[in-house]
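Before any comments, here is the structure.
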Amino acid sequence: MSIHKKLVPAIFIIFGGTGDLNSRKIAPAIYNLFLDGLLPRDFSILATANQNLTLKEYLANIKDKLSRFSRRGSVDPKQWDLFAEHISYLEADAADLIAYEKISLHIEKHNRQWKASADVLFYLAVAPSLFPVIATNLSSTNLASDREHNRILIEKPFGNDLKTAMELNGLLSTIFHENQIYRLDHYLGKQGVQNLMTFRFADALTEQVWNRSNIQHVEISVSENLGVGQRGGYYDHSGAMRDMIQNHLLQLLCIVAMEPSLGHSSDAVRDSKVKVLKSIRKFDSDMLNKNLVRGQYSEGYEDGKKVNGYREELNVDPDSSTETFAAVKFFIDNQRWQGVPFILSTGKRMQQSASTITIQFKESLKPLFGIEQTIGQRSRLMISIQPEISVRLQIQPKHAEVGTKLNTIDIGLDRFDGKQVPEAYETLIRDAILGNQTLFMRADQIELAWETVMPILDYWKAQGNTGLINYPAGTTGPQVAPARHNEKRLAYCSESSVEHDNLQLWLHQILESCFIGHDYRPAFLRNKSVQ
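Here it is, written out as structure tokens:
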């Protein structure tokens, strides 16, 4: 473990310090950053929660959680002792102003000790209902007033619909400046997503094929083999559209579809994403009828064991119409993507857990070889985000020995070659320390994403159980979905303009150039000031 001497001192104030989010994600991420020497030399963690615990009890609990949830597994005793010296615990009610006075004293003590003004990161690892309470109390006690050093980190959900999202953004904007607000979508911190961003922007050659002339359609899929578990009460008021598509999947769509940003600033990148969201075609009645599928898992089997259907899960309405599977076909009405379907799908209790992006290229060999191809035979780029992290291109090369016969081959790339992969929260917390907001959601992104899905949510609410397809747990979901399309359902805009040899050359040049060195992210994601 080495200490990063160039970073400004940092103080983490974690609301919800005994909760699941901190135990499983935040604390392990900060610990791993500590072991990797990516925290400032001077840092402090103050965990607050409404539980009567001594510091010794709290530390024992956190140490146990690190051994279970850190990617490193077992905790080294010497490193733990060094790390634990930086942790404090405060029993506090988030609604009690006295707690905030104690937090203020904690910050002042360390600033005096370090003879510096530390960056203070208020991490709200609590239920969304407490976001307004904590933000208002931070304002009332002047803890939000230092716009240079104080930041607030909040997790999704950012509202339950467009109205509540706008209300939350409105409140936060009266207390914090936008450059102080870090809205986390943990999917954007995943290394597989960094892989996608690198591949997308690593080389100008990508621009030759990344458009409607060469791409048939795009599929973005996130499937989970688990059910709702203990989250039935929350999930029954949310559903797959709110829980996954409105945030994670739409953000992946933005990364695939966005134009190269005009600058390297965080806002330049986020501006490019906003342009994509503004270009998504609005849903009319015809699209609502044809471009949506929703489903709900019934009882089935997982690993040979019988599992409940969704309506039998704990705290779920036995007549629930909440979707556990959703698939939507979007269109982006701009010059690059006009007419190209983007099919987003997600589901629980599926056959396997996987997050993938498939770029299906148009037929490019017919002009060269005069033969017909099916969609399955065409070249396609497959980006796996989890469980494996990989980029693969299936291409149709000319078989040397058999004249014009075509043969599919896979060209794959494993970025990490067996090395440990940093967790998403490590990436995001590191960027928050550095003041880099590139991977965090801006207010207008949140509201535009809600605006995109609200017609769908309103339509499904009006439909009730009508159109809700049951699928057995442990299967691939409803048998009819926009992603299961045929050629007639796809919108061709023009013939392919890229030849196979160009596509193969593009692949090799990208694979050789885009994952070299320690920092795999494109230039606008790197923090040059601390290299």
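Numbering (numbering that gives the first Met the number 0), first residue to last: 0 to 530.
All C-beta atoms, glycine included, are put in the ideal place defined by N, C-alpha and C.
Quick caveat: nothing in here was measured; it's all calculated off a predicted structure.
Over what stretch of residues does the beta strand (DSSP E) that includes TYR186 continue unbroken? Per DSSP, TYR186 lies in no beta strand (DSSP E) segment and is marked neither H nor E.
Identify, in the order they occur along the chain, each residue of the same chain with its Cβ nearer than 7 Å to the Cβ of GLU312, setting aside the five sequence neighbours on each side. Close CB contacts of GLU312 within its chain, under the 7 Å cut and outside five residues either way in sequence, are with GLY226, VAL227 and GLY231 (chain order).
Run the CB neighbour count on GLY169, radius 10 Å, all protein chains shown included, and call it buried at 16 or more, exposed below. By the neighbour-count rule (16 or more Cβ atoms within 10 Å), GLY169 is not buried but exposed.
query = Going by beta carbon distance, what residues of the same chain come within less than 6 Å of LEU504, once the five residues before and after it are set aside?
reply = Any reading at LEU504 is ruled out, since the residue's pLDDT is 49, under 50, leaving its predicted position unreliable.
Item to complete: Could you spell out where the beta strand (DSSP E) holding SER43 opens and where it closes?
Response: Its beta strand (DSSP E) spans residues 42-48.
Problem - Inside the stretch 132-176 only - alpha helix (DSSP H) runs reaching at least 4 residues - result: Listed in chain order, they are 161-174.
* Output yes or no for whether 9 Å exceeds the beta carbon distance between VAL119 and ILE106. => Against a cut-off of 9 Å, the Cβ pair of ILE106 and VAL119 comes out as a contact.
Requested in this report: Determine the contact status of SER43 and ILE10, defining contact as a CB-CB distance below 9 Å.
Outcome: Going by C-beta atoms, SER43 is nearer than 9 Å to ILE10.
Query raised in the report: Exposed or buried, what is HIS176 when buried is set at 16 or more other beta-carbons lying within 10 Å of its beta-carbon?
Result: Exposed, by the Cβ-count rule.
- Query: So is LEU120 in contact with chain B if we call contact Cβ pairs under 9 Å?
  - Reply: This model lacks chain B altogether, as it is built from one protein chain only.
TODO: Report the three-state DSSP secondary structure of MET349 (helix, strand or coil).
DONE: If DSSP states are grouped into helix, strand and coil, MET349 belongs with the strands.
For a test of the three-state rule: what should DSSP assign to GLU301, helix, strand or coil? Of the three classes helix, strand and coil, the one that applies to GLU301 here is strand, per DSSP.
Report the partner residues of PHE130 according to the DSSP bridge assignment.
-> For PHE130, which the question treats as bridged, DSSP gives no partner whatsoever.
### Under 9 Å between C-beta atoms of PRO39 and HIS109
Their beta carbons are not under 9 Å apart, which means PRO39 does not touch HIS109 by this criterion.
Practice problem: With distances taken Cα to Cα, identify the nearest neighbour of HIS148 among LYS64, SER22, SER116 and LEU167. | Solution: Checked all of LYS64, SER22, SER116 and LEU167; the closest Cα to HIS148 is SER116.
Limits of the beta strand (DSSP E) - the one that VAL327 falls within: Its beta strand (DSSP E) spans residues 324-330.
Q) Which of helix, strand or coil does DSSP assign to ASN288? A) Three-state DSSP puts ASN288 in a helix.
TODO: Assuming TYR88 contacts LEU52 (C-beta within less than 8 Å), just tell me the rounded distance between them.
DONE: Contact between TYR88 and LEU52 holds: CB atoms are separated by about 6 Å, below the 8 Å threshold.
- From this set, ASP41, LYS305 and LEU251, which residue's C-alpha is nearest LYS114's C-alpha? Out of ASP41, LYS305 and LEU251, ASP41 has the C-alpha closest to the C-alpha of LYS114.
Report task. In the DSSP assignment, find the alpha helix (DSSP H) that holds PRO76 and state where it starts and stops. Result -> Note, PRO76: alpha helix (DSSP H), 76-83.
### Query
Does the separation of the CB atoms of TYR458 and THR321 fall below 9 Å?
With contacts defined as CB atoms closer than 9 Å, TYR458 and THR321 fail to qualify as a contacting pair.
- [ ] Determine the burial state of ALA256: buried for a count of at least 16 other Cβ atoms within 10 Å of its Cβ, exposed for fewer.
- [x] Buried.
**Request:** Note the first and the last residue of the continuous alpha helix (DSSP H) segment covering GLU425.
**Result:** That run of the alpha helix (DSSP H) goes 423-433.
TODO: Indicate whether LEU291 and LEU249 have their beta-carbon atoms separated by less than 9 Å.
DONE: LEU249 sits away from LEU291, with the two beta carbons spaced by 9 Å or more.
Report buried or exposed for SER319, applying the criterion of at least 16 other Cβ atoms within 10 angstroms of its Cβ.
With 16 or more other Cβ atoms within 10 Å, it is buried.
* **Inter-residue Cα distance where the pair is ILE331 and SER344** => ILE331 and SER344 have their C-alpha atoms roughly 17 Å apart.
- Return the CA-CA distance between ILE25 and ASP285, expressed in angstroms with no decimal places. Distance between the alpha carbons of ILE25 and ASP285: 44 Å.
Q) Between which two residues does the alpha helix (DSSP H) carrying TYR233 extend? A) Per DSSP, TYR233 belongs to the alpha helix (DSSP H) from 231-234.
Using only alpha-carbon positions, find the residue among ASP270, LEU187 and SER222 that is nearest to ASN246.
Its Cα nearest to that of ASN246, the residue LEU187 stands out among ASP270, LEU187 and SER222.
Checklist entry - Per DSSP, LEU120 forms a beta bridge with which residues? => result DSSP output for LEU120 lists PHE11 and ARG150 as bridge partner(s).
Quiz item: With 16 as the cutoff for other CB atoms within 10 Å, does TYR300 come out buried or exposed?
Solution: Its Cβ having fewer than 16 others within 10 Å, TYR300 is exposed.
- Message: Quick check: what's the CA-CA separation for LEU251 versus PRO477?
- Response: Their backbone Cα atoms lie some 23 Å apart in a straight line.
Suppose you measure from the CA of ARG67 to the CA of LYS289; what does that come to, to the nearest Å? Cα to Cα, the separation comes out at about 45 Å.
On the three-pair Cβ rule with 8 Å, is the stretch 151-166 touching the stretch 188-196? No: fewer than three Cβ pairs fall under 8 Å.
Could you check if ILE244 belongs to the surroundings of the ligand PLP, using beta carbon to heavy atom distance under 8 Å? Among the components of this structure there are no ligands whatsoever, and the ligand PLP is therefore not found.
Which of the three DSSP states is assigned to LEU531 in this structure? The requested residue 531 does not occur in the structure, where the chain is confined to residues 0 to 530.
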